[in-house]
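Chemist:
Protein chains in written order, with the working numbering: chain L, 361 to 602; chain C, 95 to 439.
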């Protein structure tokens, strides 16, 4: 499989809640679904071996971690940064469904049935992009069905703009993911060089002596450096962009 | 099937839509979302994805399911919360059962699609319900994402969002004062009837400043008699406005597709309403639906059949999750009874 330096991007059709995921995490999620064994891994059990499911992006072993050649998501300037509220309350209007012994007072200001109005930070981000080294033909097969990014996707946040019907061979409208071949960005998936000459961190990397001296835009954190990033066993001493 | 199943909806308001989000002074304000336009960021009315999800899918789907499975009585509070609002975790977690996820998807496809929270585990769903996007000039370049091709013609001139915002106003009788006048220790029904007739007669008299205030009226400081009715009102999206919205089911399985289509059908049959003030006739929508891809057969009918065949399993599954002690006791009794039956008669 031929890999080339790419700038992968998508436009959003609505506000983004939370942060978009790492590109390799998105690809792995879709690859697992297409393989059909997507129910197997939970937080409770061990994570799958690193690299078990091949992804169409380059990767290098670094301090015991298989780190993919993808940058962290890069967002366009947010046109707005606001809060939206999410509501939930106990359905008291159907109290007649309760067993007579259960028809007691429901505490809606605390406890298990507390009504809530949770604020949710949303941003007006138009474009999300990643710098990566990969095979676009294979990446696109995985990404075309990624319809939402970020947090609270079930409520429609982070909807990816859809392409025209002819964008897919099957005639179905798919998510509009684009890639631009950018030889000038080769190597920028981990570090990018500023005009002043210093290196800037572009993604979470395991902390260790392999990191270049004088790395800018980085802070130490306990974070995931390999997918699935939600699995506790993937957490490690790392440097993350800031 | 690994490709997502999408339901595109275009809902036209047949009465004012009052999907509210707070008040300014004593006037209710409709929910708006900031939208990036060529002229900058503009607040545009919308229907939240969370509200659409609850009104279109969870409520109609689970009310029908509970009635079909005989779960519309004898529930515990957490069970009712799980069925109609998604539930909450109130016992220690820390472990996740994959078996539980598989069982839920099998026993209750609707819960498998929408997700929910059991006492010890959060079950994620696979449905994304986008917010309702107002068909207006500000949203022009977003509509392609939420509607199939060609529904909104490229050369159609859309009106600005502000032109779809209207107002409503109602009055509420000053009930407290009126009640006080009628309930001043008087219990004699005949006396009450006599006073009512007198009041009716007084009401027919031409008004003059010398009149005494009637029930529902009061004398202001300047001596004039004025109504005690309370006016309340707010904003609305006017009838005729249209919202584009979309439901995306990831990793769809036929029973889940059927559960969504059946819930959607129930919502449409039950009045197709959205937002508040539905008791006063607000929020009636007329919804046109497109499916992508068009499913094989009749998944809604297959879902109804699935529920009919597994109705006892759902009740049993719910009891095991929410009342494990009672379920164990019932299972133990069953075993003991089984052993007794096996023994010599």
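The beta carbon of each residue, even a glycine, is placed where N, CA and C say it ideally should be.
The model shown is predicted, which means the values in this text are computed figures rather than measured ones.
Three or more C-beta pairs closer than 8 angstroms, one from the region 412-426 of chain L and one from the region 487-504 of chain L: is that the case here?
Modeler: yes
Chemist: Look up residue 77(C) in the DSSP assignment and give the residues it is bridged to.
Modeler: An answer regarding residue 77(C) cannot be provided, because it is not within the stretch 95 to 439 covered by chain C.
Chemist: So, residue 130(C) versus residue 516(L), is the Cβ gap smaller than 8 angstroms?
Modeler: Cβ distance not < 8 angstroms, so residue 130(C) and residue 516(L) don't count as in contact.
Chemist: Quick one: which chain C residues come within Cβ less than 9 angstroms of residue 514(L)?
Modeler: 143, 144, 147, 208, 209, 218, 219, 220, 221, 222 and 223
Chemist: For residue 420(C), go through chain L and note every residue whose CB falls closer than 7 angstroms to its CB, in chain order.
Modeler: Neighbours of residue 420(C) in chain L, taken as residues at a C-beta separation under 7 angstroms, are lacking, since the least C-beta distance is about 11 angstroms.
Chemist: List the whole-angstrom C-beta distance separating residue 266(C) from residue 324(C), where the pair is believed to meet the contact cut-off of C-beta under 8 angstroms.
Modeler: 5 angstroms
Chemist: Output yes or no for whether 8 angstroms exceeds the beta carbon distance between residue 564(L) and residue 432(L).
Modeler: yes
Chemist: Only counting the same chain, and skipping five residues up and downstream in sequence, which positions put a Cβ closer than 8 angstroms to that of residue 420(C)?
Modeler: For residue 420(C), the CB contacts under 8 angstroms within the same chain, skipping 5 residues up- and downstream, are 413 in chain order.
Chemist: Is the Cβ-Cβ distance between residue 586(L) and residue 425(L) less than 8 angstroms?
Modeler: yes
Chemist: Could you give the residue range of the beta strand (DSSP E) that holds residue 324(C)?
Modeler: Looking at the DSSP string, the run of the beta strand (DSSP E) that includes residue 324(C) is 324-331.
Chemist: What does residue 263(C) pair with, by DSSP beta-bridge criteria?
Modeler: 327(C)
Chemist: Are the CB atoms of residue 480(L) and residue 443(L) within a distance shorter than 8 angstroms?
Modeler: yes
Chemist: Of the residues 499(L), 522(L), 490(L) and 388(L), which one's Cα is nearest the Cα of residue 362(L)?
Modeler: 499(L)
Chemist: Counting beta carbon pairs with one atom in the region 322-339 of chain C and one in the region 101-108 of chain C, are three or more of them shorter than 8 angstroms?
Modeler: yes
Chemist: Apart from the five residues on each side of it in sequence, which residues of its chain come closer than 7 angstroms, Cβ to Cβ, to residue 478(L)?
Modeler: If we look at residue 478(L) and ignore the five residues flanking it on each side, its Cβ neighbours are 445 and 446.
Chemist: Taking 8 angstroms as the threshold (beta carbon to beta carbon), is residue 519(L) in contact with chain C?
Modeler: Cβ-Cβ to chain C under 8 angstroms: yes for residue 519(L).
Chemist: Assuming residue 350(C) contacts residue 203(C) (C-beta within less than 8 angstroms), just tell me the rounded distance between them.
Modeler: 5 angstroms
Chemist: Report yes if the CB atom of residue 354(C) is closer than 8 angstroms to the CB atom of residue 226(C), and no otherwise.
Modeler: It is not a contact, given that the beta carbons lie outside the stated cut-off.
Chemist: Name the residues in the region 381-410 of chain L whose C-beta lies less than 9 angstroms from a C-beta of chain C; which are they?
Modeler: 390, 393, 394, 396, 398, 399, 400, 401, 402, 403, 404 and 405
Chemist: Return the residues of the region 451-468 of chain L that lie within a Cβ-Cβ distance of less than 7 angstroms from chain C, sorted by chain order.
Modeler: 451, 454, 457, 458, 459, 462 and 466
Chemist: Identify, in the order they occur along the chain, each residue of the same chain with its Cβ nearer than 6 angstroms to the Cβ of residue 212(C), setting aside the five sequence neighbours on each side.
Modeler: 415
Chemist: Rounded to the nearest angstrom, what separates residue 558(L) and residue 551(L) at their Cα positions?
Modeler: 10 angstroms
Chemist: Can you find the residues in the same chain that come closer than 6 angstroms, C-beta to C-beta, to residue 271(C), ignoring five residues on each side of it along the sequence?
Modeler: Reliability of the predicted coordinates at residue 271(C) is poor, the pLDDT of 49 falling under 50, and the value obtained from them is presented with this limitation in mind. Within the same chain, residue 271(C) has close Cβ partners 322.
Chemist: Starting from residue 193(C), follow the alpha helix (DSSP H) in both directions and report where the run begins and ends.
Modeler: 192-201
Chemist: Could you name the residues of the same chain whose beta carbon sits closer than 8 angstroms to that of residue 344(C), not counting the 5 residues immediately before and after it, in chain order?
Modeler: Correct list, in chain order: 98, 220, 221 and 222.
Chemist: Do we get a CB-CB distance below 8 angstroms when we pair residue 174(C) with the residues of chain L?
Modeler: Interface residue (Cβ-Cβ distance to chain L less than 8 angstroms): residue 174(C) is classified as such.
Chemist: Can you check whether the C-beta of residue 595(L) is within less than 8 angstroms of a C-beta belonging to chain C?
Modeler: Residue 595(L) is outside the set of residues whose beta carbon lies under 8 angstroms from a beta carbon in chain C.
Chemist: So what does DSSP say about residue 338(C), is it helix, strand or coil?
Modeler: strand
Chemist: Start and end of the alpha helix (DSSP H) containing residue 443(L)?
Modeler: Run containing residue 443(L): none in the alpha helix (DSSP H); it sits in the beta strand (DSSP E), 441-448.
Chemist: Who are the Cβ neighbours of residue 579(L) in its own chain at under 8 angstroms, not counting the five residues just before and after it?
Modeler: Short of 8 angstroms from the beta carbon of residue 579(L), and not among the five residues preceding or following it, lie these beta carbons of its own chain, in chain order: 599, 600 and 602.
Chemist: Considering residue 238(C), what are the terminal residues of the alpha helix (DSSP H) in which it resides?
Modeler: That run of the alpha helix (DSSP H) goes 237-240.
Chemist: Using a cut-off of 7 angstroms between C-beta atoms, extract the partners of residue 410(C) located in chain L.
Modeler: Simply none; closest approach about 17 angstroms.
Chemist: What does residue 446(L) reach in chain C if we use C-beta pairs closer than 8 angstroms?
Modeler: 144
Chemist: Quick one: what's got a C-beta closer than 8 angstroms to residue 364(C)'s C-beta in the same chain, skipping five residues either side?
Modeler: 154
Chemist: Check residue 227(C) in the structure and name its three-state DSSP category.
Modeler: strand
Chemist: According to a CB-to-CB cut-off of less than 7 angstroms, which residues of the region 182-202 of chain C neighbour chain L?
Modeler: 182, 184, 189, 190, 192, 195 and 196
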